[in-house]
Amino acid sequence: MELDLRTFTPARVAIGRTGNSLPTSELLRFELDHARARDAVYRELEPGWPPVPHIALHSAARDRSTYLRRPDLGRKLSEESKARLEPGDYGAALVIADGLSALAVQRHALPLLEELQALLAADHCRLAPLSVAAQGRVAVGDEIGERLGARSVVVLIGERPGFSSPDSLGAYITWDPHPGRTDAERNCVSNIRAEGLGYGAAARLIHFLLSEARRQKLSGVQLRIHALGALPR
Amino acid sequence: MDLRELLAKASPARSGDELAGVAAATAEERVRAKMRLAEVPLKDFLREPVIPYESDEITRLICDSHDAAAFAPVSHLTVGEFRDWLLSEQATEERLTPLAPGITPEMAAAVSKLMRVQDLVIAASKCRAATSFRSTIGLAGRLSTRLQPNHPTDDLKGIAASVLDGLCYGSGDAVIGVNPVTGNVASVEAILRLLDRIRERYQIPTQICVLAHVTTQMEALRRGAPVDLVFQSIAGTEAANASFGVNLAMLDEACQAARELKRGGEHVMYFETGQGSALSANAHHGVDQQTCEARAYAVARRYRPLLVNTVVGFIGPEYLYDGKQILRAGLEDHFCGKLLGLPMGCDVCYTNHAEADQDDMDALLTLLGVAGCNYIMGVPGADDVMLHYQSTSFHDALYLRSALKLKPAPEFEAWLEEHPSLPREPWLLP
């Protein structure tokens, strides 16, 4: 009996070989996927998206080619955007940033937010207005969270497009956001998409990490997660 | 101009040094800097650390662990003369192996900046660093692979399917190593137990690893999970390592704990590095990215690791812009690591936002094979469906082995011979 390995994973298993090389059909399938991912990188957020109330922000990176070469600019807000944020007193700020896949954000950010907002509402967590940062990197959330006066920030961002997944969304949770936070001070939930982590499971995981961050007053690798049995799957 | 600035300006062009504002402004300035660098005595690097001793534990590690006796045979040379010596008939494997503890990362980085691609290849091919756990990696005439069976949701059957596919192609003799999606210890432990079950069931002479954060692996180890190798990403400055959530004391503890398990040999650590990580954490202290990378090798060699690989094209175009920059960086990292005595492998890879494609990877892969690289990655179809980048495939390793007449690790080769149907038929799932 032989099993078809392809039924267990989206990875390119059991693709055959000619000599030690790829069969022509696999070679071309790979090239097509690379071409599609390259196109996804250069796609921008559609004007007018998202169709819900939000504060539209832009990073200090003018355009995609600047964004790709200058990550420092993608982590900061443009001068104009800074002026759009009013300080308040919030438990959490939710930020959407296009990152490297506007496609991922447009497909998955709103349905995920809906689930997450429902969980946070049950906690009576005071939420800052939703902000959407174009040409933004993860750390842009630090400046947004600080300016809004939020004790934590969740950044939903388009991940690097992969072949089978040009539309994978990531979520980064940072306690006490302010510019200068390092990646070790964040918790991450990645691969949120139809074939990956579903919206409900992702929202529960983000909510769990956010609750722990609030309880322990920190985030990142120092966050101790004891209640393993309670960890949402 | 101090050594730090000179090293940066003498660096072959790359986007990360431009981003950091440390690169030469013109092509002529770059070559003039190389000419000045060629005149610098190697001894000067011992006197003038590029990052102050007081403020960085990696500098302290480099200075305090320097072996003056090992350095003696080349201590009278300048950087330029050192290049000439490395390429000469005098620099044999027998002389290069004992030299390694006398060379600092900055010396290695400096000489590599004066070298062309062919120099990096031939000099590295004379250095050998074989290590062993259940298999021996890095012997002459051998090329090993890390089987990388990642899955987008850590699904155990999905991971197992990629492991079995890889084993059919003779992949996995360096390590079977999974990058987990989530960093929670229960999931890490579940993957470790799966990999260990497969290894035990088929008596595969290799080692397993789940590439979670070191603290998570330690927690799994304390819970009794089967930890062969402890993995950690490392960088060349204390502040960059802090951004990864690690320091030398934590790595010391992890290394000792893994050795005490006595599951294989003394080589129990697996490190990954990559140019640009210090700058991306804003922790580069004005030092160019290739010198920072070489300094990460000082961290690695403290632990006599089983495996070290640069993940050369993973970081993206803001550090290595295109195929040309990735190719050169991969060869620099391999050479510097080998010169410093490390068992270097390379994740020959690129992301979809870099100006690179499979042709560039084929070129780097082939050059690394000629240079004597210890191991490369084995990812199904070269497409990592979890980390979203392209590495090398099971097929790529077979191509390299057949083009250059290389074999897998001897223990693994013998195991493959005992299972003659393996390379031809897909395995059943456990």
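Quick mapping for you: the protein sequence lines, in order, are chains H and S. If you read the first sequence in numbering that gives the first Met the number 0, its first letter stands for residue 0, the second for the next number, and so on. If you read the second sequence in numbering that gives the first Met the number 0, its first letter stands for residue 0, the second for the next number, and so on. Backbone N, C-alpha and C define an ideal beta-carbon position, used for all residues, glycine too. Predicted, not measured: the structure shown is a model, and the values here were computed from it.
Curious, which full-length beta strand (DSSP E) runs of at least 3 residues does the segment 283-327 of chain S contain? 306-309
At a CB distance below 8 Å, what residues from the segment 209-238 of chain S approach chain H? Give them in sequence order. H212, T214
Assigned secondary structure, H33 of chain H (DSSP; H/G/I helix, E/B strand, else coil): helix
With a CB to CB cut of under 8 Å and the five nearest residues on each side skipped, what residues in its chain are close to S124 of chain S? V369, A370, G371
Since T58 of chain S and L305 of chain S should fall inside the 8 Å C-beta cutoff, what is the C-beta to C-beta distance between them, to a whole number of angstroms? About 26 Å; that fails the 8 Å criterion.
Given that A160 of chain S touches chain H, what residues does it touch there, using C-beta distances under 7 Å? L4, F7, T8, V12
Using a Cβ-Cβ cut-off of less than 9 Å, give me the residues of the segment 155-167 of chain H that come near chain S, in sequence order. E158, R159, P160, G161, F162, S163, S164, P165, S167
Which partner residues of Q231 of chain S appear in the DSSP bridge assignment? S:F270
Quick one, which residues of the segment 52-74 of chain H are near chain S if we go by CB-CB under 8 Å, in chain order? L67, R68, R69, P70, D71
Does the segment 271-279 of chain S come close enough to the segment 206-223 of chain H that 3 or more CB-CB pairs lie under 8 Å? no
Assuming P148 of chain S contacts G169 of chain S (C-beta within less than 8 Å), just tell me the rounded distance between them. The Cβ separation is near 15 Å, so there is no contact.
Alpha carbon to alpha carbon, how far is A299 of chain S from E105 of chain S? 15 Å
Counting pairs of Cβ atoms below 8 Å between the segment 190-199 of chain H and the segment 68-80 of chain H, do you hit three or more? no
With a threshold of 16 other CB atoms inside 10 Å of the CB of Y302 of chain S, please say whether the residue is buried or exposed. buried
With DSSP as the reference, label E43 of chain H as helix, strand or coil. coil
Counting contacts by CB-CB distance shorter than 8 Å, is D141 of chain H in contact with chain S? no
Helix, strand or coil at A23 of chain S according to DSSP, with G and I counted as helix: coil
Roughly how far, in whole angstroms, is the beta-carbon of V139 of chain H from the beta-carbon of K75 of chain H, given that I think they are within contact range, below 8 Å? 7 Å
Taking buried to mean at least 16 other C-beta atoms within 10 Å of its own C-beta, is L168 of chain H buried or exposed? buried
Does the distance from the C-beta atom of E56 of chain S to that of E252 of chain S stay below 8 Å? no
Opening and closing residue of the beta strand (DSSP E) in which S143 of chain S lies: 143-146
Take the Cβ of E482 of chain S as the centre, count every other Cβ of all protein chains shown within 10 Å, and call the residue buried at 16 or more, exposed below. Since the first residue of chain S shown is 0 and the last is 429, residue 482 of chain S is not available in this structure.
Which of helix, strand or coil DSSP assigns to R31 of chain S: helix
Between E25 of chain H and chain S, is the shortest Cβ-Cβ distance under 8 Å, so that the two count as touching? yes
Chain S residues whose Cβ lies nearer than 8 Å to that of T181 of chain H: A241, S242, A280
Output the boundary residues of the beta strand (DSSP E) element that contains H57 of chain H. 54-57
Report yes if the CB atom of I375 of chain S is closer than 8 Å to the CB atom of A362 of chain S, and no otherwise. no
State the CB to CB distance for the pair P165 of chain H and S100 of chain H, rounded to an integer number of angstroms; the pair is presumed to be in contact (CB under 8 Å). 6 Å
Reference S143 of chain S, options S:L6, S:D346, S:N351, S:A353, closest by Cα: S:D346
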